[in-house]
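Novice: For the sequence shown, the working numbering gives the first residue as 1280, with consecutive numbering after it.
Here's a structure for you.
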Amino acid sequence: MSDKEPIVEEPTLPTPGQILKEARIGKGLSVEQVANKINLRAHNIEAIEQDKDDGNLSVTFTRGYLKLYAKFVDVNEDEVLQAFERINSATKEPAKLQSFSRRVAKQTSDARLMMLTYAIIGIVIALSVVWWLQQSNDSSVSQLSTSFTTQTAQVSNTPANTAQNSQPEVQQAPTSSAQADLTDTQLDDSINLTESDNVFSEETSAALTQVAETVDRLNEGDNGVLEQELEAPVSDITDNAQTTTNNAESEVVQIENTAGTTESFGPPVELIFEFSEDCWMNLVDATGEAIAYGVKVAGRVMTVSGVPPFEVTLGAPQAVQISMAGEPIDMSRFPAGRTARFELPIQE
């Protein structure tokens, strides 16, 4: 049978709370009596006897309360303070660990805050890129519209110049701004007039050739048919010139009527669009000019002007507020979430 080493238990040293509580009970005093004598509250006395650490009190104040309590119950103050130092030094290491935990938690919180900051910066950069691309698209559409208008004006100038060369007395065609607004039908008529001029040129060349042949025959001595053969080509040339002149006069009158119709439009009107959300839109005025097109970002205030009435198309009408010539437009009549197509001013 092996000998077992005796287990030596380390003596348990009393805490300051135990020392003071035993002394109070030995004197037959209650917690309230001690609290009244040393001007403390009852729960402070109970905390001292239970060795509870009040986080709101510093170590200096705690030592002072222990001295008062020990002096009142006739206990050696040094013994009580030594017991307090023992338990106070034993709790310092957990305090360090607790401080380390707080530091780690703070670093984790700072890391999350930095991630959130980076995410917000990324979103702002993305929105800036989208806004820049949208502005570029709007500029491209405007340049395309201007190029198309210029080409239309150049095509319109061709029949007017032909008519002016055929008959100098015909009055000058309208200004380039009116020519830019010609309809597709008038452009077709101008092309037809150009084709008729080409036919006239071919017929004139044939008639002149016939005259030359007749002159050659005259030189050969054939006078019997000279007058008849000369009258026919000259008559053809005169008739062709008269027909071309009449066509030119008709075309110029038609262009003037178109210019009058264009000038009959009213003066330009200012429109203001305010977007509370991203919204696709298309805006065309009475002259057919595309004033605005594409997606407009939330928060944008867009001011444009054009000739009424306007054709408006909105992808999200609930996100747009419109004012025309300073008067707000009632947008509640258009259902939210559905594309709205209407004219401004709105006809009741």
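Think of the CB as a built atom: it goes at the ideal place given N, C-alpha and C, for glycine as much as any other residue.
Give a yes or no on whether the minimum CB-CB distance between F1363 and chain B is below 8 Å.
Specialist: You won't find chain B in this structure, because it holds only one protein chain.
Novice: Considering only residues of the same chain and omitting the five flanking positions on each side of A1615, which have a CB-CB separation below 6 Å?
Specialist: If we look at A1615 and ignore the five residues flanking it on each side, its Cβ neighbours are Q1597.
Novice: For Y1344 versus I1327, is the C-beta spacing smaller than 8 Å?
Specialist: In contact: Y1344 and I1327 (Cβ atoms closer than 8 Å).
Novice: Does the Cβ of D1564 have 16 or more other Cβ atoms within 10 Å, making it buried, or fewer, making it exposed?
Specialist: The residue is buried, with at least 16 neighbouring Cβ atoms inside 10 Å.
Novice: Quick one, are the C-beta atoms of I1602 and A1577 less than 8 Å apart?
Specialist: The sequence shown places Ser at residue 1602, not Ile. No, they are not a contact pair.
Novice: Could you tell me how far apart the beta carbons of A1604 and V1548 are, in whole angstroms, since I believe they sit closer than 8 Å?
Specialist: At roughly 5 Å, the Cβ-Cβ gap stays under 8 Å, so A1604 and V1548 are in contact.
Novice: Could I get the ranges of all uninterrupted beta strand (DSSP E) runs contained in the stretch 1551-1598, with 3 residues as the minimum, in chain order?
Specialist: 1558-1563, 1569-1575, 1580-1585, 1589-1593, all fully within the stretch 1551-1598.
Novice: Sorted by chain position, which residues of the same chain lie with C-beta nearer than 7 Å to Q1626's C-beta, five sequence neighbours on each side aside?
Specialist: Here the set comprises nothing.
Novice: Give the range of the beta strand (DSSP E) segment to which R1620 is assigned.
Specialist: Where R1620 is concerned, the enclosing beta strand (DSSP E) stretches over 1619-1623.
Novice: Roughly how many angstroms separate the alpha carbons of V1591 and C1558, rounded to a whole number?
Specialist: The straight-line gap from Cα to Cα measures roughly 13 Å.
Novice: Who are the Cβ neighbours of T1291 in its own chain at under 8 Å, not counting the five residues just before and after it?
Specialist: None.
Novice: Determine, using beta carbons only, whether V1338 and P1295 come nearer to each other than 8 Å.
Specialist: Not in contact: V1338 and P1295 (Cβ atoms no closer than 8 Å).
Novice: Can you tell me the Cα-Cα spacing of Y1572 and D1609, whole angstroms?
Specialist: Answer to the nearest angstrom: the Cα atoms are 22 Å apart.
Novice: Between the C-alpha atoms of D1389 and V1403, what's the straight-line distance to the nearest angstrom?
Specialist: Using only the alpha carbons, I get a separation of about 21 Å.
Novice: Can you give me the Cβ contacts of F1613 inside the same chain, cut-off strictly under 6 Å, excluding the 5 residues immediately before and after it?
Specialist: Same-chain partners within the cutoff: P1596, A1619.
Novice: Can you tell me whether DSSP reads M1603 as helix, strand or coil?
Specialist: Residue state, collapsed to three classes: strand.
Novice: Which residue comes first and which comes last in the alpha helix (DSSP H) that contains A1615?
Specialist: No alpha helix (DSSP H) contains A1615, which DSSP labels as neither H nor E.
Novice: Look up V1548 in the DSSP assignment and say whether it is helix, strand or coil.
Specialist: Note: V1548 maps to strand in three-state DSSP.
Novice: Do you know offhand how far Q1443's Cα is from M1560's?
Specialist: Because the pLDDT at Q1443 is just 47, under 50, the model does not fix this residue reliably, and the value given afterwards should be weighed accordingly. Approximately 44 Å, taken between the alpha carbons.
Novice: Just the C-alpha distance for R1382 and L1392, rounded to the nearest angstrom, thanks.
Specialist: Their backbone Cα atoms lie some 15 Å apart in a straight line.
Novice: Quick check: what's the CA-CA separation for E1325 versus K1385?
Specialist: Straight-line Cα distance between these residues: approximately 35 Å.
Novice: When you compare each of V1599, M1394, V1310 to V1580 by their alpha carbons, which one comes out closest?
Specialist: Ranking the options by Cα distance to V1580, first place goes to V1599.
Novice: Whose C-beta lies closer than 8 Å to the C-beta of Q1329 among residues of the same chain, with five residues either side of it excluded?
Specialist: Cβ neighbours of Q1329 beyond the five flanking positions: G1296.
Novice: Once DSSP output is grouped into helix, strand and coil, what is the label at N1416?
Specialist: Three-state result, N1416: helix.
Novice: Out of S1407, P1607, R1320, which has the shortest C-alpha to C-alpha gap to E1553?
Specialist: Checked all of S1407, P1607, R1320; the closest Cα to E1553 is P1607.
Novice: So, with DSSP's three-state summary, where would you put T1428?
Specialist: If DSSP states are grouped into helix, strand and coil, T1428 belongs with the helices.
Novice: Whole angstroms are fine: how far does the CA of P1293 sit from the CA of V1313?
Specialist: Approximately 21 Å, taken between the alpha carbons.
Novice: How many Å lie between S1309 and I1298 at the Cα?
Specialist: Going from the Cα of S1309 to the Cα of I1298 covers about 15 Å.
Novice: For I1324, report the span of its alpha helix (DSSP H) as first-last.
Specialist: Looking at the DSSP string, the run of the alpha helix (DSSP H) that includes I1324 is 1321-1328.
Novice: Whole angstroms are fine: how far does the CA of I1399 sit from the CA of Y1348?
Specialist: About 59 Å.
Novice: Does the beta-carbon distance from P1588 to P1624 come in below 8 Å?
Specialist: Taking 8 Å as the Cβ cut-off, P1588 and P1624 qualify as a contacting pair.
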